[in-house]
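Trainee: Numbering-wise (the working numbering), the sequence shown opens with residue 63 and increments by one.
Structure below; questions to follow.
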Amino acid sequence: MSYKSLEQCLLDLEKHGQLLRIKQEVDPNLEMAEIQRQVYAGQGPALLFEKVKGSPFRAASNVYGTFERTAYLFRNTLDQLKKVIQLKKDPTRALKSPLKFATAPFTALKALPMRALSAPVLKNNTSIDRLPQIVSWPMDGGAFVTLPQVMTLPPGDRNMMHSNLGMYRIQLSGNDYERNQEAGLHYQLHRGIGIHHTLYNHSDEPFRVSIFIGGPPSHAFAAIMPMPEGLSELTFAGMLGGRRFRYLWKNGFPISADADFVITGTVKKNVKKPEGPFGDHLGYYSLKHDFPVLEVQNVYHRNNPVWQFTVVGRPPQEDTSFGWLIHELVEPLTEQEFPGIREIHAVDEAGVHPLLLAIGSERYMPFREKKPEEILTQANHLLGKGQTSLAKFLFIADGNEHPELNTHKVPEFFKHILERIDLARDLHFHTRTTIDTLDYSGSGWNEGSKLVVACCGAKRRELKAELPVDFQLPSQFNHPKFVMPGILAITGPAFNDQRGYDDPPKLAASLGIYTEHFENHIPLILVVNDSGFTSERFANFLWEVFTRTNPSHDIYGIKEWVEHKHWGCTGAMIFDARTKPHHAPELKEDREIASKVKGLLDEVLSEL
Numbered sequence: 063m064s065y066k067s068l069e070q071c072l073l074d075l076e077k078h079g080q081l082l083r084i085k086q087e088v089d090p091n092l093e094m095a096e097i098q099r100q101v102y103a104g105q106g107p108a109l110l111f112e113k114v115k116g117s118p119f120r121a122a123s124n125v126y127g128t129f130e131r132t133a134y135l136f137r138n139t140l141d142q143l144k145k146v147i148q149l150k151k152d153p154t155r156a157l158k159s160p161l162k163f164a165t166a167p168f169t170a171l172k173a174l175p176m177r178a179l180s181a182p183v184l185k186n187n188t189s190i191d192r193l194p195q196i197v198s199w200p201m202d203g204g205a206f207v208t209l210p211q212v213m214t215l216p217p218g219d220r221n222m223m224h225s226n227l228g229m230y231r232i233q234l235s236g237n238d239y240e241r242n243q244e245a246g247l248h249y250q251l252h253r254g255i256g257i258h259h260t261l262y263n264h265s266d267e268p269f270r271v272s273i274f275i276g277g278p279p280s281h282a283f284a285a286i287m288p289m290p291e292g293l294s295e296l297t298f299a300g301m302l303g304g305r306r307f308r309y310l311w312k313n314g315f316p317i318s319a320d321a322d323f324v325i326t327g328t329v330k331k332n333v334k335k336p337e338g339p340f341g342d343h344l345g346y347y348s349l350k351h352d353f354p355v356l357e358v359q360n361v362y363h364r365n366n367p368v369w370q371f372t373v374v375g376r377p378p379q380e381d382t383s384f385g386w387l388i389h390e391l392v393e394p395l396t397e398q399e400f401p402g403i404r405e406i407h408a409v410d411e412a413g414v415h416p417l418l419l420a421i422g423s424e425r426y427m428p429f430r431e432k433k434p435e436e437i438l439t440q441a442n443h444l445l446g447k448g449q450t451s452l453a454k455f456l457f458i459a460d461g462n463e464h465p466e467l468n469t470h471k472v473p474e475f476f477k478h479i480l481e482r483i484d485l486a487r488d489l490h491f492h493t494r495t496t497i498d499t500l501d502y503s504g505s506g507w508n509e510g511s512k513l514v515v516a517c518c519g520a521k522r523r524e525l526k527a528e529l530p531v532d533f534q535l536p537s538q539f540n541h542p543k544f545v546m547p548g549i550l551a552i553t554g555p556a557f558n559d560q561r562g563y564d565d566p567p568k569l570a571a572s573l574g575i576y577t578e579h580f581e582n583h584i585p586l587i588l589v590v591n592d593s594g595f596t597s598e599r600f601a602n603f604l605w606e607v608f609t610r611t612n613p614s615h616d617i618y619g620i621k622e623w624v625e626h627k628h629w630g631c632t633g634a635m636i637f638d639a640r641t642k643p644h645h646a647p648e649l650k651e652d653r654e655i656a657s658k659v660k661g662l663l664d665e666v667l668s669e670l
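Shown next as structure tokens:
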């Protein structure tokens, strides 16, 4: 089905039992977000809030709340879109399989953006303060747009095929923004909008920005999808939605004719204001930093519009479906994009960017003992290109002799790595480099390090969940618990700026008497705030360890050494994953709000 609007999509979901209407008035300050989190956690339906406190507009969330519902929304277009993407990357596929790809070129042609004569979204005007002022977390700096489609074009260009449509968060209120006059734009200069911003800084033309909210569900996905080179986001939206992206121009601004809301404005030159804090997808607050300011000109909306939002936080959340759909679409292209790489997985439970798993191909020197060579080249390729360059930890294994190996079976993948890793050889650090801006584990904002763990060859050890005989820990370290065989979590002392970095070496020295046991059975030791939490679920291990660890500063080893600038150890790696003073605060819901929301949901469900 091709949806013409968000409303049509919601009615279709309701018809199939996948929409819950909330008729009670709900406060956008924390309550709506908590409802979204609780319903998502139960893998519940999409939500339509009919009465938003302080706003005349309805709101919707959890539209993409399950993989099954996301697949349902695009059930008629996904298969054909996959063919187009494959053909875009490798046109020779059409020659090799002419019947399979015969219709693919026409799919793209029929999805080109279309100039509209009129637009429902231009029927009405409103102001920023009348929009649903959704605050998701207690320390958020104000209300944010969390599913925006932000459109820009280069200076002097009105060709929509040259536009950039991206999802960059928008702060509507709070901090020093002038009420109804200004909004904050959070984006990095390497993003598409940042490139346009640089061009406008050398131009006399005003930097016009259009922000679309709502519209057909394919539009939000187009804003977040990493596009193959030469494929427009607008064409992608048309192909995914089965309906051409309709647009027109108003006062020099491009307008999405099918959107529910459109905010237009110009970016103030050489002006920045503090934006944030904001509860982000790593499970922490991204802190307050200076970002560009949008001078708001108009806020348009269609008749009876729906404000679409989501809640960002420790994964999984609704935006997990974005990653799932992206993987579904681009996974067949992996080997072509990264020669020798069979599979990659940016681990959602670890916040996506902090942890990347990959299966490569080790083909060099087949007549001698295998060691990582070609997979190191493949690892460098991954860390040097596109979204995968944001990875902080990259675990890559040779898959030639292991067809069963699967990066999406994460515990099994770690077991494979830890059974084979040579701690004297297989750890490769990248120091004083860039990491994800939202990752505060590093030595500065957007500054940190990376670690490549590359292993191949025969199994070296038998992983066990058994401590050495007469095992003892030094003072202030306690409660050893296994996450899985081969991974031991130990509760350490609270990190202290004066001595915090001395704690892991103290532990390593104390455990030196057990070197052989750790080397043969437990190659990974974790120093954490609470080993009970870390070991309770594998997802806790993934999130806590890889979001809180800066490789160059927080990795130690039993009997560690450096030779010709290469670091290694003999007994076991020690990851210091304790909370540090420079880390961003962890996201925690308001308990009173959570209790109130549970009661409200019980009431809503009892009325069905």
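We put the CB at the ideal spot given by N, CA and C, even for glycine.
Could you tell me which of C518, E648, P643, G548 sits nearest to L529, measuring between CA atoms?
Mentor: Out of C518, E648, P643, G548, G548 has the C-alpha closest to the C-alpha of L529.
Trainee: The alpha helix (DSSP H) that contains I255, what's its start and end?
Mentor: Where I255 is concerned, the enclosing alpha helix (DSSP H) stretches over 254-263.
Trainee: Looking at the secondary structure, which residues open and close the alpha helix (DSSP H) in which W199 lies?
Mentor: Counting along the chain, W199 falls outside any alpha helix (DSSP H), and DSSP gives it neither H nor E.
Trainee: Using the rule of at least 16 other Cβ atoms within 10 Å of the residue's Cβ for burial, across every protein chain shown, is K454 buried or exposed?
Mentor: Label assigned to K454: buried.
Trainee: Are the CB atoms of Y262 and F323 nearer to each other than 8 Å?
Mentor: No. Outside cutoff.
Trainee: On a Cα-Cα basis, can you pick out the residue from G79, P90, E96, D74 that is closest to G682?
Mentor: This structure cannot settle anything about residue 682, because the visible part of the chain is limited to 63 through 670.
Trainee: Excluding five sequence neighbours on each side, which residues of the same chain lie with their C-beta closer than 6 Å to the C-beta of H541?
Mentor: If we look at H541 and ignore the five residues flanking it on each side, its Cβ neighbours are T553, S593.
Trainee: For T382, which three-state DSSP category applies?
Mentor: T382 falls in the helix class under three-state DSSP.
Trainee: Is the CB-CB distance between F371 and L209 below 8 Å?
Mentor: Cβ distance < 8 Å, so F371 and L209 count as in contact.
Trainee: When you compare only the Cα positions, how much space is there between I286 and V589?
Mentor: Looking at the two C-alpha atoms, the distance is approximately 36 Å.
Trainee: For the 8 Å Cβ check, are there 3 or more pairs between the region 633-646 and the region 437-457?
Mentor: In short, these stretches do not touch, since the Cβ pair count stays below three.
Trainee: By alpha-carbon positions, which one of V101, F274, R487 ends up nearest to H628?
Mentor: The candidate whose alpha carbon is nearest that of H628 is R487.
Trainee: Following the continuous alpha helix (DSSP H) through R494, name the residue where it begins and the one where it ends.
Mentor: Careful: R494 lies outside any alpha helix (DSSP H), inside the beta strand (DSSP E) at 489-496.
Trainee: My assumption, with CB atoms under 8 Å, is that V514 sits in contact with I587. Please give the rounded CB distance.
Mentor: Not a contact, Cβ separation roughly 20 Å.
Trainee: With a Cβ-Cβ cutoff of 8 Å, do T188 and I255 count as a contact?
Mentor: No, these two residues do not count as a Cβ contact at 8 Å.
Trainee: Tell me the residue span of the alpha helix (DSSP H) that contains D238.
Mentor: Taken as a continuous stretch (DSSP letters only), D238 belongs to no alpha helix (DSSP H), as it is neither H nor E.
Trainee: Note down, in chain order, each residue of its chain lying with its Cβ closer than 8 Å to the Cβ of V545, except the 5 sequence neighbours on either side.
Mentor: Excluding positions up to five away in sequence, the list reads A551, L588, T596, S597, F600, F603.
Trainee: Measuring CB to CB, does T609 end up less than 8 Å from A299?
Mentor: No.
Trainee: Compare the beta carbon distance of Q233 and E380 with 8 Å and say whether it is the shorter of the two.
Mentor: Contact flag unset, no.
Trainee: Rounded to whole angstroms, what is the Cα-Cα separation between F111 and L68?
Mentor: For F111 and L68, the distance between alpha carbons rounds to 14 Å.
Trainee: Would you call the region 297-311 and the region 267-281 in contact, with 3 or more CB pairs under 8 Å?
Mentor: With a cut-off of 8 Å, the region 267-281 and the region 297-311 count as touching, because enough Cβ pairs lie within range.
Trainee: Give the DSSP-derived three-state secondary structure of R653 in the structure shown.
Mentor: Helix.
Trainee: Name the residue from Y346, V88, H583 whose alpha carbon lies nearest to the alpha carbon of R26.
Mentor: The structure shown does not extend to residue 26, since the chain is modelled only from 63 through 670, so no value can be given for it.
Trainee: Buried or exposed: F274, going by 16 or more other Cβ atoms within 10 Å of its Cβ?
Mentor: Buried.
Trainee: Count the C-beta pairs between the region 85-101 and the region 109-125 that are closer than 8 Å, then say yes if the count reaches three, no if not.
Mentor: With the cut-off at 8 Å, the region 85-101 and the region 109-125 touch.
Trainee: Excluding the 5 residues flanking M229 on each side, which residues of the same chain have their C-beta closer than 8 Å to its C-beta?
Mentor: Only L209, P210, Q211, V212, A282, A285, I286 meet the Cβ criterion.
Trainee: Among the residues of its own chain, which have a CB less than 7 Å from the CB of R177, if the five just before and after it don't count?
Mentor: Correct list, in chain order: Y309, L310.
Trainee: Examine the Cβ distances between the region 341-357 and the region 384-404 and report whether three or more of them are shorter than 8 Å.
Mentor: No, the region 341-357 does not touch the region 384-404.
Trainee: If the criterion is Cβ atoms closer than 8 Å, does the pair I147 and L391 meet it?
Mentor: Their beta carbons are under 8 Å apart, which means I147 touches L391 by this criterion.
Trainee: Since I believe R231 is in contact with F269 (beta carbons under 8 Å), could you give me their beta-carbon distance rounded to a whole number of angstroms?
Mentor: Not confirmed; about 18 Å, so no contact.
Trainee: Could you tell me which residues DSSP pairs with K658 in its beta bridges?
Mentor: In DSSP, K658 forms no bridge with anything.
Trainee: Starting from the C-beta of E665, find all residues in its chain whose C-beta is less than 6 Å away, skip the five residues before and the five after it, and write them out in chain order.
Mentor: Counting only Cβ-Cβ distances below 6 Å, and skipping sequence neighbours, we find nothing.
Trainee: Given a cut-off of 8 Å on the beta-carbon distance, is the pair V368 and G236 in contact?
Mentor: Not closer than 8 Å, so no.
Trainee: Give me the Cα-Cα distance between I196 and R99, rounded to the nearest whole angstrom.
Mentor: Whole-angstrom Cα-Cα distance: 14 Å.
Trainee: Give the DSSP-derived three-state secondary structure of A299 in the structure shown.
Mentor: A299: helix per DSSP, three-state reduction.
Trainee: Run through the region 388-443 for me and flag every whole alpha helix (DSSP H) of 4 or more residues, listed as ranges in chain order.
Mentor: The qualifying runs are 396-399.
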